[in-house]
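Notes to accompany the following structure.
There are 2 protein chains.
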Amino acid sequence: MNQSKRIKAFADEHIPALTEFMLAYARQAHQPRLADAMSYSLAAGGKRLRPLLVYAVAATMGADTTQLDHVAAAIEYVHTYSLIHDDLPAMDDADLRRGHASNHVQFDEATAILAGDALLTDAFALVSGAPQPATVRVALTSQLAVGAGSRGMVAGQMMDIAATGSSTPLTRGQLVRMHAHKTGALLLAAVRMGATVATVSDADDEALDDFATAFGLAFQIRDDINDATKSSTELGKTAGHDETAGKNTYVSLLGIDGATKALAKQMRSAHLALERLSVPAPLLEDIVAMLG
Amino acid sequence: MNQSKRIKAFADEHIPALTEFMLAYARQAHQPRLADAMSYSLAAGGKRLRPLLVYAVAATMGADTTQLDHVAAAIEYVHTYSLIHDDLPAMDDADLRRGHASNHVQFDEATAILAGDALLTDAFALVSGAPQPATVRVALTSQLAVGAGSRGMVAGQMMDIAATGSSTPLTRGQLVRMHAHKTGALLLAAVRMGATVATVSDADDEALDDFATAFGLAFQIRDDINDATKSSTELGKTAGHDETAGKNTYVSLLGIDGATKALAKQMRSAHLALERLSVPAPLLEDIVAMLG
């Protein structure tokens, strides 16, 4: 993904400090190997897209972004746990993640399961200890838990596993539903959490939800296209894994050309949703453009 | 464990309705196999000790126990997830749990990992959606997350795994610290959550914390004695597993006699802590007596 100068400057303002914050928190685990395994995956980097959405939505809607590290860390903790568990031998069995050995390869399977469990649980300790008022923290907890749990991300992962290698490929509707859960729900939670720390009208809330939904789909289509077209070095994980594993993807369903068109359409929808906001949203426009 | 008539009547008043509530919530998962796997382990029963502590502490401290199903369900969700993940092949590799096939045997490993992840995440959706005021829900979220996460239960599980089969057995102090995390922290969270929905003085809060700490230790010693002395049928899980697996237990450290004495001592401490409360605590006395 390319970043414009504007979004890059915004990210540079928030993300390095966030990473420090996350690592300092993880180092307080009461068992050293657990702290190491949590820190290992938190430090592995990645785009920090979900925290970036939290900060950028909050900034767009006029909130103070200097008080958001607990909230941004919480959603990145949840994302990081999900990668660790997804990579496990019983799941995607992936040895490589973000250009490094995946957690269970670097440590072992038991440690990776526990590091994931700890990151997921600690996410809620982070939100409950955030500097926002209690009513805001309760709303954030609910958004994060609903987006990540049995009605969100985990359900999507189960849909993916249930469909992988099946002789009947998913229909487009089923594929959209799977990804709306697997990746969309947590991206939606990020956007909602950013809006929740600001004061947002119902109309803006709706526009942001529509933005998040279109962006989530676009993000997944871009991910599927990358998996089919880029090298392992470029991706930081094993390329072509989707096809090898018999995964249902936008590329397997629509081909590269069809997927590219679908990506452009969702990026356009995300853009149109942002245009409905009562305020200009250059940072969010930049984040959409990163998918192009 | 034997239950007196009084605690049995109290449990009969709350636990069957709680089980219905938990299963109804799990059935709303957005993927049927995930809902099945979550329900399977929730329905497998067990003593519901943590919910019972929530209800009993709340009742003792004068709170309305008719509004506690979200809170009690949340802690039982966390306990149930921990059993599913602990039983996994990479962890304790246990085929039997509560007299039934463990989750990954009944379903498969990927499903069991995801069912555990979903139960853990949904616990926080339950707490954030509880009928208590926002300030109370935030405190409950924090107690549950801290008790279950990298400074509580998960750290204890990691300590256990790190020490299992090691040529150097744990000292008594290390064993106490491990169990204070592995089982004690969530029992302490149950007691604190029951107190948090009531209005409790600082002195009562301290007495309840001391009660929870002693009770948690007593509970673990009883569990270790049971593992060494009871049959698999009586336990509902594989007996003698601790010794076979080279686990550090109170029995391996102190022998059966020493462990029995240590149990009596902790039960006495729990009783003395309850006597310091500003109110009589017959239900909690009954729960302590269940360990005898």
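Note that the protein sequences, when read in sequence, are chains A and B.
Heads up: the first sequence at position 279 corresponds to 279 in the UniProt record's numbering, and the numbers run straight through without jumps.
Heads up: the second sequence at position 195 corresponds to 195 in the UniProt record's numbering, and the numbers run straight through without jumps.
Positions of the beta carbon are idealized from the N, C-alpha and C atoms, including for glycine.
- Looking at A:Ala17, A:Ala63, A:Gly149, A:Ala59, the one whose alpha-carbon comes closest to that of Gly45 of chain A is A:Ala17.
- Closest in C-alpha terms to Leu114 of chain A, from the list A:Met22, A:Ser4, A:Tyr250, A:Leu34, comes A:Leu34.
- For the region 141–152 of chain B, the set of positions with a beta-carbon nearer than 7 Å to some beta-carbon of chain A reads Thr141, Ser142, Ala145, Val146, Ala148, Gly149, Ser150, Arg151 in chain order.
- For Arg48 of chain A and Leu170 of chain A, the gap between their C-alpha atoms comes out near 30 Å.
- The beta-bridge partner set that DSSP reports for Leu96 of chain B consists of B:Ala101.
- Collapsing the DSSP output to three states places His30 of chain B in coil.
- Rounded to whole angstroms, the gap between the alpha carbons of Arg192 of chain B and Val71 of chain B is 11 Å.
- Asp117 of chain B belongs to the set of residues whose beta carbon lies under 8 Å from a beta carbon in chain A.
- Of all residues in the region 80–106 of chain B, the ones placed with a Cβ closer than 7 Å to any Cβ belonging to chain A are His85, Leu88, Ala90, Met91, in chain order.
- DSSP, reduced to helix, strand and coil, places Lys261 of chain A within a helical segment of the structure shown.
- For Phe107 of chain B, there is no enclosing alpha helix (DSSP H), as DSSP gives it neither H nor E.
- Selection A:Leu186, A:Ser252, A:Thr213 evaluated against Thr80 of chain A yields A:Leu186 as nearest (Cα-Cα).
- Membership of His241 of chain B in the alpha helix (DSSP H) is indicated by the continuous run 241–244.
- For Ser142 of chain B, the uninterrupted alpha helix (DSSP H) segment begins and ends at 134–148.
- Nearest to Gly246 of chain B by alpha-carbon distance, out of B:Gln143, B:Glu76, B:Ser167, B:Leu144, is B:Ser167.
- Judged by DSSP secondary structure, Gly173 of chain A falls within the alpha helix (DSSP H) whose first and last residues are 172–179.
- In chain order, Ala26, Ala29, Ala115, Ala118, Leu119 place their CB closer than 7 Å to the CB of Met38 of chain B, counting only its own chain and leaving out the 5 sequence neighbours on each side.
- Interface with chain B (8 Å Cβ-Cβ cutoff): Thr213 of chain A is excluded.
- Look at Asn226 of chain A here: in three-state DSSP terms it is helix.
- Excluding its 5 nearest sequence neighbours in each direction, Asp69 of chain B has C-beta neighbours in its own chain below 8 Å: Ala17, Leu18, Phe21, listed in chain order.
- A buried status is given to Ala63 of chain A, since no fewer than 16 other beta-carbon atoms sit within 10 Å of its beta-carbon.
- For Ser82 of chain B, the uninterrupted alpha helix (DSSP H) run begins and ends at 69–86, by DSSP.
- Listed along chain A are Pro133, Ala134, Thr135, Val136, Arg137, Val138, Ala139, each with a C-beta nearer than 9 Å to that of Ala134 of chain B.
- Under the Cβ distance rule, Asp122 of chain A counts among the residues neighbouring chain B, one pair being separated by less than 8 Å.
- For the region 22–50 of chain B, the beta-carbon criterion of a distance under 8 Å to any beta-carbon of chain A is satisfied by Ala26, Gln28, Ala29, His30, Gln31, Arg33, Leu34, Ala35, Met38.
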